[in-house]
Structure formats: structure tokens, C-alpha cells
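Visitor: Chains R and D, in that order, give the protein sequences.
When the letters of the first sequence are read in order and numbered with the working numbering, they come out as residues 6 to 319.
When the letters of the second sequence are read in order and numbered with the working numbering, they come out as residues 694 to 961.
For each residue, glycine too, the CB sits at the ideal point set by N, CA and C.
The following block contains the structure, expressed as C-alpha cells.
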Amino acid sequence: MNAAADRRDLSWWVDKVAQILVLAGGLSAIVFIVGIFLFIGREGAGFIFEGFSLREFLLSPRWTPTSNHNPTFGALALIAGTASVTGLAMVVAVPFSLGAAIYIGEFATGRGRETLKVLVELLAAIPSVVWGFVGLSIMNPLIVRVFDAPVGLNVLNSGIILGLMAAPIMTTIAEDALKAVPDTYREAAEAMGATRWQVILKVVLPAGRNGLVAATLLGVGRGFGETMAVLMASGHAVNLPTSPFDAVRALTATIAAELGETAEGSEHWQALFTLGIFLFLVTFTINFLADVFVRGGLPGRRRRGRRPVASANP
Amino acid sequence: MTVAPPRAAGATDPAAAILVEKLSLWYGDFQALFDVDLRVRAGAITSLIGPSGCGKTTLLRSVNRINERLAYVRTSGSIRLWGLDIYDPAVELAQLRKQVGMVFQRPNPLPLSVRDNVLFGTRVHVPDGRAPARAVADRIVEEALREVLLWDELKDALDRPGTQLSLEQQQKLCIARLLPVKPRLLLMDEPCSALDPAGTEAVEELIWKLRGDYTILIVTHNMAQARRASEECVFMLLGEMIEHSDTASMFLNPANEQTAAYIEGRYG
């Protein structure tokens, strides 16, 4: 027995090496996230510490970085652009994805269900430039014709496109949330005479609420971060939108469109990186919140709700 | 299915709460019940005993048709509740299950507050399109919880999630939530098997107390429990009904050899 415990044969080494490789893979996520943050932080630092006015950045809608005599860096219009497009996208995506998740999780069976799941995943794999193309060449003339708008590249167009883009991932996560609701709940409710719809409405959806909120938040995160499709479908005009038919410009699209034509290290360059930092913070917060919800609600609420269990089970 | 059964006794036999005739049931290709006949007396506690896999839970789950959640279940034969054929196409599942409450092996309160658990039935079966008013609802909750001896423990904790109670309290809550819609029949599938001895005793006492007001059909693995807590006893084996008599005589003097062997613990 002792000898066996000490033997370092080939499989012992394979085991060790595999362990180290897997550990490196796990640590790399931390290294990358910290590295990226340091990088964009460093590039944006000069602007933040010198010419930066948080007030101007957050409250001024004037983004004129290339002006010769008086460049201004107000991101309000860009933030409003991203927010309005994402907001509309959620109005589109939440009913679609919730409906799809309920159908797949609670009604579809057997092969139909598997087929639908594969299709939803396929939908998530469509490149965003293709969605942008749909926005440009299909939605654009359609909006002009249906709403008699002068241009079809606007909040409405990019919101719908972004909603359709976000729906598949939201569907998948929402369906996971419904699947995590124990079947005994459904059985209990059905045995009490609840119809299938009552079971879903009164039991399954409330029980899966946290996961559904998380799905929506991840959709919002996706909307904030999406670049290409929004760049192509939003009209790309710096503008505080007052109606769905206004053209807007998103934070991401601004970075994508301007960074390549900016002198490295210039004030404009640094301002773009500051936009990047802002985006990073927003998506980080959203993902963090989504994670909190997936784990079962806000920590404060959980503690209050679980008090009896915690005291019985220290 | 026959339209006019040879023995239409159920319709005219007010003492029979459940009348099962020639019930066979298949899970896909596997036959779990073979021509089961059973007459359950109204107002009594009848226990179903037998070794694992003998079909007692299957039989129980046929009575409120909850078996049909599995799409691959087929049945033949008939089950009548107070003369009404539950497999009649005109029967509405919601109405059937309002009359027939079920208690499961594992306590399964809904992920709602204690109060909402008790009121769930009234909200599902809304008589005239409205849920009961607050005061009425309060009275319903109190009555139901008093009935299952939980009121004193939980009257200040009605907003706590039902899933966070002790297992014994959960199982009592699962019984309490059946009562507001006034079922006539309670089906219990090993209701004490997840509980500790104290909880078992408390729930058994509760079941005994409900006797008379409700007809109770209870599946149990625990022969001592069948002996303590039931008035009639049905022994099943391999999907067939072997023996049915009053509990005392089955345990003292079983008519069938297999019953005797099971009761003496020679198998199962």
C-alpha cells in the first residue's frame, strides 16, 4: 500500500500537468479581465486626470472631439443613444424570449422541444454584422414605408434589431431558470386542480423570478455592448432622441467608428478610452447584478428571508 | 370501456366513496396494474400496503388522474367516485382534483408564503371570478391551520415562505391547503416517510382526527402505521389486489397466504 501511494508513474505526471494546465486556464480569466481594465484605464488616464470634467462628460450632449478651436467631450447624447436603443430592445426581447422560454420549458415535448432549442442557439450564432445588414437593407425601407419616416435608420430600427439579437441568449437563460423550478411544485399545484396556465402564472414564474431577472439583465448587458449592428442601424448621429424615429449614436459605435482615425495618445484618443471605461463599468455592474440574481436574490433580502434556516443550521 | 358495467353498484351504493373496477394501467409497455377491483368505504381511512413496485402508489395516483402528467400512461377499466366515472370525457380535471386532495411523500409546499399556500386552492377554483375578500381569506387561513393543529405555531408567521418550515410543519401545511376547497377524498402517498418519529406521530394523529369528515386513502410502506392509523387495509402485490379487509382482522388473521407472508416480514 505504501509503495503504491508513492509511485510517480506516467499517469501521476499526466495528472499533475493536466491540473496545472486547467489551473492556468482558470487563472487566465482573472489575468485577462485585470489586464484589460489596466490597459483601458491607462489609455484613458491622461484625459481623466487632466482635461476631464465629469460634469461635462455626463451632462453635456455635445460630442465634438474633432473641432479645431473648441473640442467638447460630452457623452450624454451617446449614453442616451445606447440607453434608448437598449431600452427599446428589451421591450422587444422580453416578451419574445419569455414566451419562447415558457413554450420550450413548459409546453413543448420530445423532438419539437429539442429542435426549438437548437434553432434558438443557432439564432444566437448569427454574426452581428449580418443583423446590421438586415437593419440597413430590410428594416430601413420598411420603416420608411410603414411609418412614412424620412429615414429608417433610427432608435426603432436598431432597437428591434438589437432586441432580436438579444432574445436568443435571454431565451436560453430564462429557460434554464424555468427548468430549475422543481417539478414537485408543478405537480403539487396540478394536484390541487390548477390548470397548466395557472401553474405557470402562479407558481413557476414567481419561483423562477430571479433567473428571469438575470436573463433580462444579461440582455441589457448585451445591448450596451453591442457595436456593429447598432452602428449600422442607428443612423449614427449625435443626438438626444425624443422619438423612436430619431437617429442616435451609441457609445460602442462611437469608439468603433472614431478610434481608427484618431492620433494615438491625443485627447480625443483618451476620451474614447474613457468611453470604454464607462462601458466597462456599466456592463460589469449589470453582469454582477445578474449573477447576484442567479444566486437567489439580493444578499440583504436573502438574509432576512432565510433567518429561520440560518439559525437552525449554523 | 363498457357503457353499462355489469355491476352498477357504485351508483346506488352511497357507502362507497371509490369504486375501482377492472383497472389496468400501463407505463409505456410496462403493465403496472392488473384488473384491480377495489371498493373504498366513505368516511373511513383505508390503507394500501405491499412491497415496493406493487402498484399501490400507481393506484393512488390514478384516483385524481395525476398519473396522466406522464404522457405515456394508458389505463383501462373504470374508477367511480360517489358514482361518477372519472374517466368520462365530460369530467373536468380541475373539478375532479378539487374534490380529491393529494398529499405527497415528500412535503411539497409551494414556494409561497404560508398564507398563500393555504389560499392557493381558493385562488385556483374561483367560484364567481373573484378571489375571497381579505377578511374571508383570513378566516379561511385560520380555520385550515387550526384544523391541522398549526395555527398556534404559525399564526405570527403567515408571511414566512412555506418551504422554510420544518418538515412536519410543511406536511401539515400541505394537508391544510387542501381543506379550504372542501374535498371529499384525501389521497396520501406515504405522508410520513420523510418525517422523524415525532413528526410521524403528529401527522398520524392529524390524519386520524380527519377521519369521518373525509374519506382517506393512504399508501404506506410502514405496516405498523397501517395497523395504527387505518380502519381498512388493502394488500397489493405485483400490480394485483390480493386482499382487502378491515385492518384488525388483516393483521390478526390474514386470509391469503401471501398477505400473511408479507405481514410477517418474510419478504418486501
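Could you spell out the range, first to last residue, of the beta strand (DSSP E) harbouring W18/R?
Guide: Unbroken run through W18/R is the alpha helix (DSSP H), 15–54; no beta strand (DSSP E).
Visitor: Could you check where the beta strand (DSSP E) with G727/D kicks off and where it finishes?
Guide: First, the residue type needs correcting, since residue 727/D is Phe and not Gly in the sequence shown. 723–734 is the span of the beta strand (DSSP E), which, as asked, contains F727/D.
Visitor: Can you tell me whether G115/R is buried or exposed? The criterion is at least 16 other CB atoms within 10 Å of its CB, across all chains shown.
Guide: That one is exposed.
Visitor: Based on DSSP bridge pairs, tell me the residues matched to S717/D.
Guide: Answer by DSSP bridge pairing, in chain order: S769/D.
Visitor: Nearest-angstrom Cα distance between A212/R and E180/R?
Guide: Distance between the alpha carbons of A212/R and E180/R is about 13 angstroms.
Visitor: Counting C-beta neighbours from all protein chains within 10 Å, is the total for G814/D 16 or more, i.e. buried, or is it exposed?
Guide: Answer is buried; the Cβ neighbour count reaches 16.
Visitor: Name the residues in the stretch 86–110 of chain R whose C-beta lies less than 8 angstroms from a C-beta of chain D; which are they?
Guide: The residues in question: there are none.
Visitor: Under a CB-based cut-off of 8 angstroms, is K795/D close to chain R?
Guide: Per the sequence shown, the amino acid found at residue 795/D is Met instead of Lys. With 8 angstroms as the cut-off, M795/D counts as an interface residue toward chain R.
Visitor: Taking C-beta pairs closer than 9 angstroms, name the residues in chain R that P804/D reaches, listed in chain order.
Guide: Within chain R, the residues near P804/D are V186, P187, Y190, V208, P211, A212.
Visitor: What does E933/D pair with, by DSSP beta-bridge criteria?
Guide: DSSP output for E933/D lists L930/D as bridge partner(s).
Visitor: Can you tell me whether R312/R is buried or exposed, with buried defined as 16 or more other CB within 10 angstroms of its CB?
Guide: Residue placement at R312/R cannot be trusted, given a pLDDT of 35 that sits under 50; the coordinates are not used to answer.
Visitor: For the beta strand (DSSP E) that I868/D lies in, which residues bound it at each end?
Guide: Careful: I868/D lies outside any beta strand (DSSP E), inside the alpha helix (DSSP H) at 860–869.
Visitor: Enumerate in chain order the residues of its own chain whose CB-to-CB distance from T856/D is below 6 angstroms, with the five nearest sequence positions on each side excluded.
Guide: These residues qualify, in order along the chain: P802, P804.
Visitor: Leaving out the 5 sequence neighbours to the left and right, which residues in its chain are closer than 6 angstroms to G743/D when beta-carbon positions are compared?
Guide: Correct list, in chain order: K749, F928, M929, L930.
Visitor: Identify the residues that DSSP records as bridge partners of L741/D: which are they?
Guide: According to DSSP, L741/D bridges with V912/D, V927/D.
Visitor: For a contact meaning CB atoms closer than 8 angstroms, what does G814/D contact in chain R?
Guide: Here the neighbours are M197, G198.
Visitor: Determine which residues of the stretch 753–780 of chain D have a Cβ less than 8 angstroms from any Cβ of chain R, and write them out in chain order.
Guide: Correct list: N757, I759, R762, A764.
Visitor: Do you know how far the Cα of I166/R is from the Cα of V134/R?
Guide: About 11 angstroms.
Visitor: Given that K791/D touches chain R, what residues does it touch there, using C-beta distances under 9 angstroms?
Guide: Correct list: M197, G198.
Visitor: For a quick check, are the C-beta atoms of V186/R and V209/R less than 8 angstroms apart?
Guide: Cβ atoms of V186/R and V209/R: closer than 8 angstroms.
Visitor: Who pairs with R904/D in a beta bridge, going by DSSP?
Guide: Paired residues: Y907/D.
Visitor: Restricting to runs no shorter than 4 residues, where is the alpha helix (DSSP H) found entirely within the stretch 189–236 of chain R?
Guide: Runs of the alpha helix (DSSP H) inside the stretch 189–236 of chain R: 201–204, 214–230.
Visitor: When the Cα of I759/D is compared with those of S58/R, A193/R, A80/R, G168/R, which residue comes out closest?
Guide: Selected option, being the one with the closest Cα: A193/R.
Visitor: By DSSP, does D889/D sit in helix, in strand, or in coil?
Guide: Residue state, collapsed to three classes: coil.
Visitor: Spell out whether any CB of chain D is found under 8 angstroms from the CB atom of A219/R.
Guide: No, no contact with chain D.
Visitor: List the residues that DSSP assigns as beta-bridge partners of P854/D.
Guide: In the DSSP output, where bridge partners are listed per residue, P854/D has S806/D.
Visitor: Please tell me whether A837/D has its Cβ less than 8 angstroms away from any Cβ of chain R.
Guide: Judged by the 8 angstroms Cβ criterion, A837/D is not in contact with chain R.
Visitor: Terminal residues of the continuous alpha helix (DSSP H) containing L880/D?
Guide: No alpha helix (DSSP H) holds L880/D; the beta strand (DSSP E) holding it covers 878–882.
Visitor: If you measure between the beta carbons of P947/D and E936/D, is that distance less than 8 angstroms?
Guide: Against a cut-off of 8 angstroms, the Cβ pair of E936/D and P947/D comes out as a contact.
Visitor: Going along chain D, which residues have a C-beta under 9 angstroms from T114/R?
Guide: Ordered by position in chain D, the residues that pass the 9 angstroms Cβ test against T114/R are A764.
Visitor: Please check if any C-beta of chain R sits within less than 8 angstroms of the C-beta of V784/D.
Guide: Closer than 8 angstroms: no.
Visitor: For A193/R, return the contacting residues in chain D, with the cut-off set at a CB-CB distance below 8 angstroms.
Guide: Ordered by position in chain D, the residues that pass the 8 angstroms Cβ test against A193/R are F797, N801, P802, L803, C867.
Visitor: Starting from G794/D, follow the beta strand (DSSP E) in both directions and report where the run begins and ends.
Guide: Run containing G794/D: 793–796, per the beta strand (DSSP E) assignment.
Visitor: What's the call for V22/R, buried or exposed, on a 16-neighbour Cβ count within 10 Å?
Guide: Burial call: exposed.
Visitor: Any chance you could list the alpha helix (DSSP H) runs of at least 4 consecutive residues sitting entirely within the stretch 256–311 of chain R, in chain order?
Guide: With a minimum length of 4 residues, the continuous alpha helix (DSSP H) runs that stay inside the stretch 256–311 of chain R are 256–263, 272–299.
Visitor: One question on the structure: do F278/R and I45/R come within less than 8 angstroms of each other, judged by their Cβ atoms?
Guide: Yes.
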